[in-house]
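Protein chains in written order, with this note's numbering: chain A, 508 to 902; chain B, 508 to 902.
Note that beta-carbon positions come from the ideal geometry of N, C-alpha and C, so glycine has one too.
What follows is a set of notes on a single structure, which appears directly below.
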């Protein structure tokens, strides 16, 4: 890694990132100001496409999922190394996206997650182009859609749905940071359980099965499920609702579950145990009902599915990210998160996620902030990882 | 009762009710069209006050709770026999209160409950006045506020809060009907239990106590509480809520309980058992939390308190209502309900509730309806009960 960092073209790329730093930050602020709620990323994508062309990456295409795809170097149809940054934010269309500067901080919704990742990807593309960096494998730049929340990694899923899309490595640039190397894909299963029954007056109809009783039995059971500490696995009832008035047994009540694990097997087992608990709760509430009354029903509505997985800590992609972090003078931190890399890892493609330099905080809040400390250094770290994966050191 | 019904003044009162039937129904429709959500009954009260004056009941006063009070006959300050009808409805201010006629039915929110009771009370006042019926004890006509829902019988409570208000009998006219004699006061206790904690990210902060877990343990326990079949007693979790997003352990979750019984002792015991279950749920959820994390708290917010009680089936007030029902050719039906009479009964004053004639349905829904079948007959039944309680037969 040290040797590659000393190559003239790589040094030139680093110098370009430093020179371009002010522009990168300006682009980051401009991108953050464009609404891109999950499912409606088009306006932001148009701007990113324009800037990708500005830095010299031509022949940009947009796929059916709204992903933007640009290619640099190599020949043939192989995707080579993919560097991806998601376009979408958790903020609804009507959110005030004004970016304000307070001293060294830029404050605004999505300023780090993922305006920093997008601007960083554009800068890395520019650095490759301007330094004439041409590793043996091509580099594919992708701005993805549907990464956040209910998007459920839709853009990345669409990429990998094509049987010809088999990159040698997948590197997500997500938010700020210079030390974390996310190599464990945190998977999740999310669902809503809706219990429905006849309902009625709380005095006159008392004895009919109460869907809130079923929700309670279900949520209590989920709260008592045994969970492995390693691989870390969690089960939370995150929302609950039901009822219309103070003197009414409702016709409907529901809960929403968020199940997570670093292990796909643990997650599958947990999903099975949780849905069994939901069914047992249905039976439990129905057993208490008065004779001759209509039983409750249970409907399970899937809300999200993110695959888990791991790119082994010993894998050369992770090792090169560790080495690149040290090369730029920082301490690597192997971590777990849920990013576009989850999809790659679940498809057997080595994947990691890296921060795009700088520091950030209050992610997913309107008070989200970014400080451009070591911004270009963080981007250079990512560029080293991309070039190594594309075979630059080995050439 | 038969003898009293045959008295010339009483026969004249009955004839007047029959002659006035069209006017009573027109007043009922006019009253239903005036908004009177619980807590904001003033506009409807003004109209009722005007009509009470129209039928010849002067010196109407309005007390601090907004109750309208008019007096007929007798002397001194005694309230004598109270006949009460509540002004308020369950319908919010913005509800469309248009009354529509479909064949024999008048359809509109509150057309029976309690526009029928109010119009009926006005008609009975008019019949007493026009027939010159002057029983030994005075008759006090009261249009009450705050009977429905969260009003918690506020108007009737205010009446009885005065130590000088000791009527010999209290008769609520509530809705339509000619057979039911409500002599058992259905009491209730309503509360909201709010569990609060630190909350946090469902992955990063997993291990903090989840207030939804406490709500679930509480609601499940309430669903399993043993309840006596006689005196009939019920416990329902009627509403539940909490949670902000799919990846967040919430900071707050809550449930609302509706506890009811015909017996004050059973209701007190149930209230004790339910609040113990709420506290046990707090402990249960806190026991599962990670070491060093902040425990949940529980706040119990009272939402309603209606006293239970009974006017014994053998009491002369109940017996005269039974006799009056038979005198007008119908079959009495001794029943339990929650009405303004609850307050009287809980203060040791004999109290019952009667329908004001006709038939009704879909109470508390915007599709509420009324059919004027035996409307004046039902009002004559109530007049017989009032006059008997005021000592007319004994004179």
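Residue 743/B belongs to the set of residues whose beta carbon lies under 8 Å from a beta carbon in chain A. Sorting 788/B, 728/B, 708/B and 784/B by C-alpha distance to the C-alpha of residue 750/B places 708/B at the top. Note on geometry: alpha-carbon atoms of residue 812/A and residue 549/B lie some 55 Å from one another.
When the Cα atoms are used, residue 757/A and residue 838/A turn out to be separated by approximately 55 Å. For residue 875/B, the closest C-alpha among the options 856/B, 883/B, 596/B and 798/B is that of 596/B. Within chain B, the C-beta atoms nearer than 7 Å to that of residue 710/A come from 693, 741 and 767, in chain order. The contact set of residue 849/A on chain B, defined by CB atoms closer than 9 Å, is empty, because the minimum CB distance reaches about 13 Å. Taking a cut-off of 8 Å for Cβ pairs, the stretch 839 to 855 of chain B and the stretch 804 to 822 of chain B touch, as three or more such pairs fall below it. Under the criterion of beta carbons closer than 8 Å, residue 681/B and residue 615/B do not qualify as touching, at roughly 17 Å. Within chain A, no residue has its beta carbon less than 8 Å from that of residue 527/B; the closest one is some 33 Å off. Not one beta carbon of chain B lies nearer than 8 Å to the beta carbon of residue 771/A. With at least 16 other beta carbons inside 10 angstroms of its own, residue 654/A counts as buried.
The C-beta of residue 875/A comes no closer than 8 Å to any C-beta of chain B.
Along the stretch 695 to 725 of chain B, going in chain order, the ones with a CB nearer than 7 Å to a CB of chain A are 697, 709, 710, 713, 717, 719, 720, 722, 723 and 724.
Contact of residue 755/B with chain A by beta-carbon distance below 8 Å involves 745. If you ignore the 5 residues before and after residue 537/A, its C-beta comes within less than 8 Å of the C-beta of 554, all in its own chain and listed in chain order.
A residue is called buried when at least 16 other Cβ atoms come within 10 angstroms of its Cβ; residue 542/B meets this threshold and is buried. Residue-level contact check: residue 803/B does not touch chain A, since none of the beta carbons of chain A fall below 8 Å from its beta carbon. For residue 760/B, the chain A residues whose Cβ falls inside 8 Å of its Cβ are 747, in order along the chain. Taken atom to atom, the span from the alpha-carbon of residue 802/B to that of residue 705/B is near 8 Å. Residue 729/A is positioned such that its CB atom lies closer than 8 Å to that of residue 744/A. Residue 747/B and residue 701/B have their C-alpha atoms spaced approximately 10 Å apart. From the listed residues 781/B, 759/B, 726/B and 761/B, the smallest Cα separation to residue 767/B is found for 781/B. Contact with chain A is found for residue 656/B, since one of that chain's Cβ atoms lies less than 8 Å from the residue's Cβ.
Going by DSSP, residue 553/B is part of the alpha helix (DSSP H) stretching over 549 to 561. Think of a sphere of 8 Å around the beta carbon of residue 551/A: no beta carbon from chain B falls inside it, the nearest being about 22 Å out. Comparing C-alpha distances from residue 847/B to each of 621/B, 697/B, 722/B and 712/B shows the shortest one belongs to 621/B. Around residue 841/A, no beta-carbon contact reaches into chain B at under 9 Å, the shortest distance being about 16 Å.
In the three-state reduction of the DSSP assignment, residue 788/B falls in the helix class, which pools H, G and I.
In the DSSP assignment, residue 719/B falls outside any beta strand (DSSP E) and within the unbroken alpha helix (DSSP H) covering 718 to 730.
In this structure, DSSP gives residue 593/B an extended state, which the three-state scheme calls strand. At least 8 Å separates the CB of residue 684/B from every CB of chain A. Spanning the alpha carbons of residue 512/B and residue 533/B requires a straight line of approximately 27 Å. In summary, the residues of the stretch 785 to 815 of chain A whose CB is separated from some CB of chain B by less than 8 Å are 792, 795, 810 and 811, in the order they occur in the chain. Secondary structure of residue 887/A (DSSP, three-state): helix. Residue 601/B does not reach chain A, its nearest Cβ partner there being about 17 Å away, counting only Cβ pairs nearer than 7 Å.
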